[in-house]
Amino acid sequence: MWTAAGSLELDAAAAQPPVGQPDPVLATVGRIAATCNNARAEPDEEPSGDPTEIAVLLAARELGAALKATEREADRCWQSHFDPELKLMSTIDRHHGRLAIRTKGAPEAVLPRCTTFLGPHGQQLPLADPDRERIAAQVDAFAADGLRGLALAERELPSEQRPPHRRGDAEHKLCFDGLIAMLDPPRPEVAEAVRSCHTAGIRIIMITGDHPLTAAAIAQRVGITGSAPTVVSGAQLEHLHENELRALVRQEREIIFARASPEAKLHIADALRAEGHVVAMTGDGVNDAPALRSADIGVAMGRSGTDVAREASTMVLTDDNFASIVTAVRAGRQIYDNVRKFIIYIFAHATPEVVPFLFFALGGGRIPLPLTSFSSSPSTSAVRHCPLSRSVANPPSQV
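First residue of the sequence shown? That's 0 in numbering that gives the first Met the number 0, and the numbers climb one at a time after it.
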């Protein structure tokens, strides 16, 4: 976690409530992380919810925030769900008799909506350009290490003001409180699966909502790209014409689309198909359904995916594992190879038998058949060719 007071290493696995007087900055960040959240982490239960929100909630526990879902829901007055285009989530909660808007999301989406920041001693200070640059530099430092960063902010509402229910009226003039960076490590088997894809001639394109530096670090770590991939942000992708996007995917072999919206996945799938590629697209959200339907093979997540995504897909991963796609491709290619070998075998052995009969038919019988068959009944044929046929002259009744 990073605030104006400095950085703090959090270990959610060994989280212990702080002892003594809580720091006002840490208490504020922990309160936002716990309330602007829909995950559940009861003391005697397994945490449930979105993995990112679970990580944020466990970090809030280490900062001393209360995690009871019943208390959080009782104090919540309004909620604006996470928007993949805005990259924000906000809630309006009651705290000490007053209402406060609490927001968490991508730092580049939260920071422009902030006018103040929380100082080292808990005071609100004007957010000047040097402060914005310092925060942006810290975001880039986290992202370069492959960490996923979230910004936390809040704003107290006057007691006489009605709580706004429109996002545009709520998510502005916020106070930037801090950053939480988390590691979302790839599964151990992903690197080997990526190598198998490259060996098999399968091209992998990363489309993610993460920071461009985070996406590049993860892609290089698992071997999807080299050290210098082409990274296209969501804002840059919006200004690309359809022909320009097709030229990009045709000319650049290693591409990463960062901070991409679900609609971007649809445009990328259409561009790849227009270039003659067979496209398999993964997704788990409701907004991913058009891209899953447009791709040749839509792959939905079975555990974290929504019902809409699973219905729109061709294949569902029951374990949400990229390596399972490689296993399915390997099995499919084996089946295709076996069918191809069988067809070649049939044609290779049937052709020498069929061609002479075609010559016989087209030649009007002038070309003799290489293979013949008896036209007589089996019993007559047996008697005709048996060397002892003269001794078998008894009538059928006596035989």
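Each residue gets a CB set at the ideal place from its N, CA and C atoms; glycine is no exception.
This structure is a prediction, so every number in the text was calculated from the model and none was measured.
- Counting every other CB atom within 10 Å of its CB across the protein chains shown gives A152 a total of 16 or more, marking it as buried.
- Under the rule that a run must span 4 or more residues, the alpha helix (DSSP H) segments found entirely inside the region 113-145 read 128-143.
- Boundaries of the alpha helix (DSSP H) harbouring R332: 321-361, taken from the DSSP string.
- When beta bridges are read from the DSSP output, F175 appears opposite F116, A152.
- For T224, the three-state secondary structure derived from DSSP is coil.
- Ranked by Cα distance from S303, the first of T281, R292, L110, A322 is T281.
- Within the DSSP secondary-structure output, L316 pairs in a beta bridge with M300.
- Here the alpha carbons of D295 and T317 stand approximately 20 Å from one another.
- Residue range 97-104 is occupied by the beta strand (DSSP E) that includes G104.
- For G208, the number of other beta carbons within 10 angstroms of its own is at least 16, and it is reported as buried.
- The DSSP assignment places 229-232 as complete runs of the beta strand (DSSP E) inside the region 181-235, in order along the chain (cut-off: 3 residues).
- About 4 Å separates the CB atoms of E52 and A38; that is less than 8 Å, so the two are in contact.
- With respect to the C-alpha of A108, the residue from A308, I334, P289, R258 having the closest C-alpha is R258.
- Boundaries of the alpha helix (DSSP H) harbouring D168: 166-169, taken from the DSSP string.
- With fewer than 16 other beta carbons inside 10 angstroms of its own, L357 counts as exposed.
- When the alpha-carbon of P162 is set against those of W77, A65, A58, the nearest one is in W77.
- For A140 against H210, the beta-carbon gap comes to about 11 Å, at or over 8 Å, which does not count as contact.
- For M0 against A68, the beta-carbon gap comes to about 22 Å, at or over 8 Å, which does not count as contact.
- Sequence-distant partners of E41 (beyond 5 residues in either direction) whose C-beta falls short of 8 Å from its own C-beta, in its chain, are L66, K67, A68.
- A268: not part of any beta strand (DSSP E); member of the alpha helix (DSSP H) spanning 261-273, first to last residue.
- As DSSP reads the structure, Q78 sits in a beta bridge with T90.
- Put simply, of S89, R272, A218 the residue whose alpha carbon is nearest the alpha carbon of E241 is R272.
- Secondary structure note for I366: it is in no alpha helix (DSSP H), with a DSSP letter that is neither H nor E.
- By DSSP's assignment, R147 forms a beta bridge with M181.
- Cβ neighbours of D10 within its own chain (closer than 8 Å, five residues either side excluded): E61.
- Scanning its chain for C-beta atoms nearer than 6 Å, with the 5 sequence neighbours on each side dropped, one finds around M181 the residues A54, R147, in chain order.
- Looking at the backbone, the Cα of A288 and that of I217 are separated by about 25 Å.
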